[in-house]
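Take a look at the structure below.
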C-alpha cells in the first residue's frame, strides 16, 4: 500500500464500509418512521432505544420523530463522516482509532461517580476527535440540503447554544436544511434536559415524513463526504510522493 495512494484509499474505503454505521442508521430510522406513519406509537417507542438513549415512554409521535431526526443528524457525523475523515487522515489505523474513541465515550463518557475521571477524559477526547467530522457534516448538509441559507443561518445562530460542541453545528445545519425545529426538552432515563431550540424562528415541528427526508439528507452528506475524503487522501498521497521524488 505504501507509495500507492489509490490502493490505500481502496483499503480504507473497504474498512470504512465494515466500520461505519450509515446503513443500519437509515434502516432503524425508517422502521420507526414507518411505525409512526401507520399510527403504531407503541412499536415506534419499542424501536427508539435501538437508535438513541431517549426515554421513549415520555414521547408522543412528534417527539419520537424529532428524536429520530436528531439522532440521524448526530450519527451521520459520529458514525459515518467522522470515521471517513480520520480514515483520510490516518488510513485504516485512523479510522479504527476514531471508532475506538467513540466506543470508549459511549461506555464511560457519561458522568457517574464510578467513571467520573475516565468519563471526563474520554468525553473530551471524543469531542476533539469529532471536531473536524462535525464541521464537514454541517457544511455538506448546507450544500446538499436544498435550503442553504436557512441551514447556514441556523448553524451560525444556534449551534453555539447547544451543550455539545459537535452535535450543535450538525443538528442546527440539519434543522435548517430540513426546515424543522430541533432541540427543546429531552428525557434520558428519568433525567430531563432543557436544550435550546434549533432553527426556532423559521422551522416547524417535526413530522413522521421528515424522518425519510433526514435519512436521504444523511445519505447525500455521507456520499459527498466519501468523495471529499477520497480526493483529499489521494491528493495528499500524490503530494507526499512528489516531495519524496524531489528529495531523491
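Residue numbers (our numbering): 60 to 307. Every residue gets a Cβ at the ideal spot worked out from N, C-alpha and C, and that includes glycine.
Here's the rule: buried if 16 or more other CB atoms are within 10 angstroms of the residue's CB, otherwise exposed. What is residue i?
i, result
"residue 143", "buried"
"residue 252", "exposed"
"residue 135", "buried"
"residue 221", "buried"
"residue 294", "exposed"
"residue 187", "exposed"
Please name the residue, chosen from the options, that lies closest to residue i on a Cα-to-Cα basis.
i, options, result
"residue 210", "197, 87, 275", "197"
"residue 200", "100, 305, 103, 279", "279"
"residue 185", "112, 202, 163", "163"
"residue 238", "230, 244, 302", "230"
"residue 148", "296, 304, 92, 219", "296"
"residue 183", "223, 150, 305", "223"
"residue 98", "82, 119, 111, 154", "119"
So, at 6 angstroms on beta carbons, what are the nonlocal neighbours of residue i in its own chain, with the 5 sequence-adjacent residues on each side left out?
i, result
"residue 258", "213, 234, 235, 240"
"residue 85", "274"
"residue 115", "104, 107"
"residue 204", "210, 236, 276"
"residue 291", "147"
Would you mind stating whether residue i and residue j have Cβ atoms separated by less than 8 angstroms?
i, j, result
"residue 95", "residue 103", "yes"
"residue 131", "residue 277", "yes"
"residue 287", "residue 195", "yes"
"residue 247", "residue 106", "no"
"residue 124", "residue 267", "yes"
"residue 242", "residue 256", "yes"
"residue 133", "residue 226", "yes"
"residue 128", "residue 269", "yes"
"residue 92", "residue 271", "yes"
Counting only C-beta atoms, is residue i closer than 8 angstroms to chain B at any point?
i, result
"residue 127", "Absence of chain B from the displayed structure is noted, only one protein chain being present."
Using C-beta distances below 7 angstroms, list every residue in its chain close to residue i, excluding the 5 sequence neighbours before and after it, in chain order.
i, result
"residue 137", "161, 189"
"residue 192", "136, 140, 141, 144"
Unbroken stretches of the beta strand (DSSP E), 3 residues or longer, contained in the stretch 203-263: Within the stretch 203-263, the complete beta strand (DSSP E) runs of at least 3 residues are 241-247, 250-257.
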